[in-house]
Amino acid sequence: MNAPRRTPLLAPSFLAADLANLQAETERLATSAADWLHFDVMDGRFVPNISFGLPVLQAVARYAKQPIDVHLMIEEPQHYLAAFRDAGASSITVHYEACPDLHRVVQQIKQLGCRAGVALNPATPVSLLEDIAADLDVVLVMSVNPGFGGQAFIPNTLKKVAKLRELLLDTGSDALIEIDGGVNMDNAGPLVEAGADVLVAGNFVFSAPEGPVVTLARLRDHLAGLEMEAVAAGRWQ
Ligand code: DX5
Ligand code: ZN
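Residues in the sequence shown are numbered from 2 upward in steps of one, following the working numbering.
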């Protein structure tokens, strides 16, 4: 694969932040290498967990300096798209598995002026996106089963990302490939080699003793180093 590459975007996930200090967390991320802020919404129905929703997003958006990437792990997301845009979302990602009318939902997100994303659970094949890939701004590949932070990365994700990269090339889609779940310093490089453009990281970033700012800077340096090596070796253009 010889698509043009660059260091991926980094999107720390608030799910792993100190939720009692969201202003401080948002402000320290403002000074970090984070490109997007990932905001996980769970309804206790689409996934077996409940996280946070619109009022918390509004509160975070007051202090956010980076675009907020909202990941809706909810049933019937079509009812809440405008509300999430109004609360501060720059991108809105819905789950393939939650949307029988996916094309309509994607168009609604775009009409709201947000980047439109579709997420795939680990058992959902990328081929199901063939007829909508060209309409998408983001495809989010879940590398754990959605619902909880801190789970182990599913290794098959690497193959899945490579397949998705091919599908995007074949369909002329310029959608970004975002990876979510269990991302860390060990799998970040292989993910980028396979074709990932955006890496979400929760526990790896917030549980590190050095804190998120240092950890994100280390991840960014690590990936920049790998990119230089790959370019020098002629693997990337
Ligand atoms: C899981 C969420 C993820 C989660 C990632 O359902 O979508 O965004 O916060 O957390 P880690 O990086 O800890 O797996
Ligand atoms: Zn997420």
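C-beta atoms are modelled at their ideal positions from N, C-alpha and C, and glycine is treated no differently.
Beta-carbon proximity list for P5, same chain, < 7 Å, skipping 5 on both sides: Sequence index remark: in the sequence shown, residue 5 carries index 4 (1-based). With a pLDDT of only 44 at P5, under the threshold of 50, the placement of this residue in the model should not be trusted; the figure read from the coordinates follows. Same-chain partners within the cutoff: Q238.
Validate contact between the region 67-79 and the region 30-50 using beta carbons, cut 8 Å, 3 pairs: Verdict: yes, contact present.
Which of helix, strand or coil DSSP assigns to D44: Taking the first residue of the sequence shown as 1, we reach residue 44 at position 43. Three-state DSSP puts D44 in a strand.
Distance, P213 Cα to G226 Cα: Taking the first residue of the sequence shown as position 1, residue 226 is located at position 225. Taking the first residue of the sequence shown as position 1, residue 213 is located at position 212. The alpha-carbon atoms of G226 and P213 are separated by roughly 20 Å.
Residue ranges of each beta strand (DSSP E) within the region 172-213, 3 or longer: Listed in chain order, the complete beta strand (DSSP E) runs (minimum 3 residues) inside the region 172-213 are 177-181 and 199-202.
Given E76 as reference, the closest of T216, F47 and A62 once Cα atoms are compared: If you number the sequence shown from 1, residue 76 lands on position 75. Sorting T216, F47 and A62 by C-alpha distance to the C-alpha of E76 places F47 at the top.
Nearest to V95 (by Cα), restricted to the options A88, Y64, L137 and Q152: What you label residue 95 is simply residue 94 of the sequence shown in a count that begins at 1. When only C-alpha atoms are compared, the closest one is L137.
Residue interval of the alpha helix (DSSP H) (run including V57): Here residue 57 refers to the residue found at position 56 when the sequence shown is read from its first residue. Run containing V57: L55 to A62, per the alpha helix (DSSP H) assignment.
Reduced DSSP secondary structure (H/G/I, E/B, other) of A240: The structure shown does not extend to residue 240, since the chain spans only 2 to 238, so no value can be given for it.
Candidates P9, S14, A134 and F53, of which the one nearest T172 by Cα: Here residue 172 is taken as the residue at index 171 of the sequence shown, counted from 1. Nearest of P9, S14, A134 and F53 to T172, Cα basis: A134.
Sheet register partners of H39 (DSSP bridge): For the purposes of this step, residue 39 is taken as residue 38 along the sequence shown, with counting starting at 1. BP columns for H39 point to S14 and D70.
Nearest-residue set for the ligand ZN, Cβ under 6 Å from any heavy atom: S14, H39, D41, H72, D181 and V201
Coarse secondary structure for S144, derived from DSSP in three states: As a working mapping, residue 144 is identified with position 143 in the sequence shown. Of the three classes helix, strand and coil, the one that applies to S144 here is coil, per DSSP.
For T94, three-class secondary structure by DSSP: For this step, residue 94 is matched to residue 93 along the sequence shown. Of the three classes helix, strand and coil, the one that applies to T94 here is strand, per DSSP.
I110 (DSSP reduced to helix, strand or coil): Taking the first residue of the sequence shown as position 1, residue 110 is located at position 109. The answer is helix: DSSP assigns I110 an H, G or I state.
Contact under 7 Å by Cβ, N50 with G148: The residue given as residue 50 occupies position 49 in the sequence shown. The residue given as residue 148 occupies position 147 in the sequence shown. In contact: N50 and G148 (Cβ atoms closer than 7 Å).
heavy atom of the ligand DX5 below 6 Å from P210 C-beta: By one-based count along the sequence shown, residue 210 stands at place 209. No, the beta carbon of P210 sits no closer than 6 Å to any heavy atom of the ligand DX5.
Validate contact between the region 81-99 and the region 114-125 using beta carbons, cut 8 Å, 3 pairs: With three or more CB-CB distances shorter than 8 Å, the region 81-99 counts as touching the region 114-125.
Contact under 7 Å by Cβ, V184 with L200: As a working mapping, residue 184 is identified with position 183 in the sequence shown. As a working mapping, residue 200 is identified with position 199 in the sequence shown. Against a cut-off of 7 Å, the Cβ pair of L200 and V184 comes out as a contact.
Buried or exposed by the 16-neighbour rule on C-beta atoms within 10 Å, applied to E131: Here residue 131 corresponds to residue number 130 of the sequence shown, with the count starting at 1. Exposed.
Boundaries of the alpha helix (DSSP H) in which L30 is found, first to last residue: Reading the sequence shown from its first residue, position 29 is the one you call residue 30. Residues L23 to A31.
CB of G118 within 7 Å of CB of G203, strictly: For the purposes of this step, residue 118 is taken as the residue at position 117 of the sequence shown. For the purposes of this step, residue 203 is taken as the residue at position 202 of the sequence shown. No.
Beta-carbon proximity list for G54, same chain, < 7 Å, skipping 5 on both sides: Taking the first residue of the sequence shown as position 1, residue 54 is located at position 53. Cβ neighbours of G54 beyond the five flanking positions: V42.
Pair within 7 Å by beta-carbon distance, L82 and Q109: For this step, residue 82 is matched to residue 81 along the sequence shown. For this step, residue 109 is matched to residue 108 along the sequence shown. Going by C-beta atoms, L82 is nearer than 7 Å to Q109.
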